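If you read the protein sequences in the order shown, they are chains A, B and C. Its first residue numbered 22, the first sequence is counted upward by one per residue in my numbering. Its first residue numbered 24, the second sequence is counted upward by one per residue in my numbering. Its first residue numbered 36, the third sequence is counted upward by one per residue in my numbering. Glycine is no exception: its CB is placed at the ideal position from the N, C-alpha and C atoms. Here the structure is a predicted model, which is why all the values come from computation and not from measurement.
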Amino acid sequence: MPLITPDDLRKQLGADLPGAVASVHPVVEGLPAFLETGDLLIEADFLPRVAVYVRDVLGYTYLSDIVAVDYLDYQLFELVYRFYHLEGGRDLVIKVRVPRDNPSVPSLTPFWPGADLNEREAFDLFGITFTGHPYLKRIYMWDELDGHPMRKDFPKQGDKYLGDES
Amino acid sequence: MKAEGTMIKTEELQINIGPQHPSTHGVFRMLVTVDGETIVDLKPVFGYLHRNHEQIAEVNTYLQNMPYTDRLDYFNSMANNQAYAMAVEKLAEIEVPERAEYIRVIMVELTRILNHASALGFLINDMGAWQTPLAFGMREREKILDLFESTSGARLMCNYFRFGGVVRDLPPDFVPRLQSLLTGLPTFIDEFERMLRENEILRIRSEGIGVLPKEVAISYSVTGPVLRGSGIPYDIRKAEPYSIYDRFDFDVPIGTVGDVYDRFLVRIEEMRQSKRILEQALKQLPDAEGGHINPKARQNIRPPVGDAYTRIESPKGELGFYLVSDGGQTPYRYKVRAPSFINLTPLSDMCRGYKVADVVVILGSIDIVMGEVDR
Amino acid sequence: MNIPIERGKVVTVARGQSTSVAGFSLSKGLGVVFRHWRRAWFEKQHQNVPATASESAPNAGNDKSKPTAFVTLEDMSKSYGTFTVEYPEQRIKLPEAYRNMPVLLYDDETGHELCTSCFQCQRICPPQVIHMTQAKDPASGKPVPSVAEFIIEYDACMSCGFCAEVCPFDAIKMDHEFELSTHDHPSLTVYKRDLNRPVSYYESIAPGFWAEARERAYKKLATNMKRRPGAIGIAPHLTEKITAAQAQAAQAAAAQAPAAKAPAKKAAAPRAADTAAAPTDKEAKLAAIRARNAAQKGGSAPAAGTAADAPLPTDKEAKLAAIRARNAAKKGGSTPAAETSAEESPPTDDKAARLAAIRARNAAKKGDATPSEESDQPAAETPPANDKAARLAAIRARNAAQKATEAAEQAADSATSTPEAPASSSEEGKPLDEKAARLAEIRARNAARKKGDQE
């Protein structure tokens, strides 16, 4: 039972929180299909406010998942936030795009403790910093690792860390 | 917390529980700061089983990923398979025939029973019962694993699901064996409950321990029996029905307090509900149309560009797969939303103020498996 | 929180009350355990353990010695207690679908491996542990549907079964062998010679699956076998045996050649063995033919026992032609003996005549040309040979004509044997026979003239 659709949400946000809704990343011409999305795209700075709006006003209290996707060719990271309403129904997806060098997004952890581990994982594997996170440290890799393994330009062969320097 | 009125200066000590520990359900480390025996803070450290599953999946084709999903939550391989198969089917818009759906439901509900049987067994084991309840649970588990072996070829790493159905149909002796198993199942559940439910040791060690209050439960993003133990009846099979779950009658058990004891009882009750679903599925199976796989579905697929997320109610919580496709043979991004991983979020809050011995019990009640946590 | 649930209700689990008597519930739980113990001990066991260890293990293809008793659990709802299966003396029977480690199949009788090196399993393998190289025809260098070397790294294999699923030729299948632990790590990189299993082995462990696959597997194997030259594609440990068996079969066929020429058998045997140097079907057939020829000649030629495979074509061919002519004559009169089909068994008279004519021509031709010596000009050989060939051709033509008339007579008399009918006996000769005879004569004359011209 869909409770709210992205278009309606876009309109509502346009009314209540102006400036939150972002256009598609302006740099890229001739967007590939997977960068076009029907889901709501939010400016990074507005993220906590939109999230709290979604939770308090619309009732989507369950944050299921935070996914970071690396679009190397377009020099951006995309973060996908997925909310569910406890009465059931479809998800509500909010996407945030940040440029690839020095990616930084405000953290949702102060509002949702459940975002904690997901954000640490995105930081560890992609290098996205979440400002306001209480304990932003690497979660899978060891602390001294240099680099972020899930990025598309991280060498898959791992030459740097296996065996001798050769 | 310092004891009131003592003149003795105590220090907080930071100790390690794990990563090699018989009760941490895998290689899992907890940095526990204790004051005496009471826990002040707990920081989970994981990554010891990190196998970079998500990046491997970007190199493999969609079909080649299927055996790797078995190894995520290695206790419930059928559930992992289903979530992944459903995600790819949603992305590529492949239909699943009815009989295949029934077979899938049967497999996943059997997985739920065997997961709860062994999870509770391990929980009681952690409390100090020297494997008697675990052996009871394992015996039922073995019967179900024999069924899996005769159908899919392996006990744990089943690799049974394909896009559009399952790899082969049920063997002819599957349904009779399952019937005989189901006749014996209520006895098992009742005995298991009778043996443990009012057991004084169990009650003392689990009532009031590891409380996750209802109001904050959902903000921790926990799902599965942990959430339902806290009193929120959110079950994905009811909330957003997938596959053919909207054809079955079953209840959603919830707890009241949100402690370890509630989660224990919720899991036992869920085993009963799974048995109900299995009985209904077996009754409806002969009338199901179609074969065991969609004959038009290709396994080496190139899904259209886009993304898809599907989730199922795995025995441990919400298991979801997020797939981004760029039109090629391999996924562009593949993420697993692992329930055990997210369910570990409230661990430190749940443990604060309790004793060290309770940590193990609380961890057992969350029911984690490190294959999922670390991927 | 009011969350609506369809087709079910929200059930709050009953926590119950702690009992007043401490220890009461504990003993209730212990009662459950006690009840199980009592049943397991005293009540009927519902489990089959075969009395003797004579039900043999299906993995007969393995070297390791196998204890053999099987245990099965019949009715799962009635098992009280847990029984220990005394491994390794007793085992649980593995279901057919069980998969652990792939193996390659080869056919028992022909020894041919089913694998054609199509690379499908290599492509689908998730951990990429399969490696293979395609066999090439040694003569032309072209790829042959057979696999030269096949390697599976057992230590990294996930036993997912994808290779067996996609194989279009049913060549790679999942084995049931799980006792693979070893101290020798390199031995876990398994080569083709250790991966090969006979089809009978797979049939014994997975009869249902093989019954489904059998038809199409053998059909495809038959097609592939035709495209495999020589011994390519035969399982390596069987190559010698299979080729020796083939040669023997050829020799047996050859030994069925006119048994009248009895002493030639000894000459035939070494000849067959010699000529089976390159073990192929074709060569074997050739050897058979040569053996038969040797057998024929053995009656007449004393020194033919040596491995002189490059005889002077003149003598031999001439002799051969003579013998054939004589045989043709004889056969025209007598009832057809029990000769193999390679002999000119005359079903029709004109055919025999034609054949004789052709042979006469060939004999004449061969009488001229020597392959090893000078150029191809037909004037090569020694004069007596040519004369001889020409004379022979004439003789043959006459004999053919004779035979034709005789055969006509025979047909007229409805198959009575009249040996040595005079050539001039007239009959209601079919114009064809006479024509054939005349043609033969003409050809012989031409051949003779040609020789005369070129000298």
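Using the three-state DSSP reduction, which class does residue i fall into: helix, strand or coil?
i	result
B/I167	helix
A/D91	strand
C/T47	strand
B/R104	Note that residue 104 of chain B is Asn in the sequence shown, not Arg. Helix.
C/D125	Looking at the sequence shown, residue 125 of chain C is not Asp but Gln. The answer is strand: DSSP assigns C/Q125 an E or B state.
A/P176	coil
C/K177	coil
B/N148	helix
B/K319	coil
C/F77	helix
A/P120	strand
A/D66	helix
A/F151	strand
C/N259	helix
B/V16	This structure leaves residue 16 of chain B out entirely; chain B is present only between 24 and 398.
B/I335	strand
B/A140	helix
C/T224	strand
A/T26	coil
C/R232	strand
B/S297	helix
B/R185	strand
A/S128	coil
C/F185	strand
B/L54	strand
Exposed or buried, which one is residue i when buried takes at least 16 other CB atoms within 10 Å?
i	result
B/G247	buried
A/N139	buried
B/Q37	exposed
C/K227	buried
C/S62	exposed
B/I82	For the sequence presented, residue 82 of chain B should be read as Val rather than Ile. Answer is exposed; the Cβ neighbour count stays below 16.
C/Y236	buried
C/G66	exposed
B/T134	buried
B/R185	buried
A/D96	Before going further, note that residue 96 of chain A is Gln rather than Asp in the sequence given. With fewer than 16 Cβ atoms within 10 Å of its Cβ, A/Q96 is classed as exposed.
C/Q52	exposed
B/N39	exposed
C/G64	buried
B/S244	buried
A/K32	exposed
B/G151	exposed
A/Y156	exposed
B/T174	buried
Since residue i contacts residue j with CB under 8 Å, what's their CB separation in whole angstroms?
i	j	result
B/V55	B/Y71	That belief does not hold up - the Cβ atoms of B/V55 and B/Y71 are roughly 17 Å apart, past 8 Å.
C/I267	C/S181	5 Å
B/I31	B/V382	That belief does not hold up - the Cβ atoms of B/I31 and B/V382 are roughly 24 Å apart, past 8 Å.
C/T151	C/F204	6 Å
A/D122	A/K173	With a Cβ gap of about 14 Å, A/D122 and A/K173 do not count as contacting.
B/P362	B/L342	6 Å
C/P161	B/Q87	4 Å
Given a limit of 9 Å on CB to CB distance, which residues of the region 202-222 of chain C reach chain B?
M209
Curious, which full-length alpha helix (DSSP H) runs of at least 4 residues does the region 200-285 of chain B contain?
223-229, 237-240, 248-252, 259-262
Would you list, in sequence order, the uninterrupted alpha helix (DSSP H) runs of no fewer than 4 residues that lie entirely inside the region 261-295 of chain C?
The region 261-295 of chain C contains these whole alpha helix (DSSP H) runs: 274-290.
Please identify, using Cβ separations under 8 Å, the residues of the region 247-266 of chain B that lie next to chain A, in order along the chain.
I255, Y257, K261, A262, E263
Can you pull out the residues from the region 329-348 of chain B whose beta carbon lies closer than 8 Å to at least one beta carbon of chain A?
G329, D330, Y332, R334, E341, G343, Y345, V347, S348
Taking only beta carbons into account, state which residues of the region 152-170 of chain A come closer than 9 Å to chain B, listed in chain order.
So the list reads Y156, R159, I160, Y161, M162, W163, P170, given in the order they occur along the chain.
Residues from the region 122-145 of chain C in contact with chain B, defined by Cβ distance under 9 Å:
I127, L129, P130, E131, A132, Y133, R134, N135
Counting only Cβ-Cβ distances shorter than 8 Å, please list the residues of the region 70-83 of chain B near chain A, keeping chain order.
So the list reads G70, H73, N75, E77, Q78, V82, given in the order they occur along the chain.
What residues in the region 350-366 of chain B have a beta carbon less than 9 Å from any beta carbon of chain A?
Residues passing the 9 Å Cβ filter: G350, Y355, R356, K358, R360, F364, I365.
Please name the residues in the region 259-282 of chain C whose beta-carbon is closer than 9 Å to at least one beta-carbon of chain B, in chain order.
none
In chain order, which alpha helix (DSSP H) runs of at least 4 residues are fully inside the region 75-132 of chain B?
76-82, 89-93, 100-115
Can you list, in chain order, the residues of the region 181-195 of chain C whose Cβ is nearer than 9 Å to any Cβ on chain B?
M193, S194, C195
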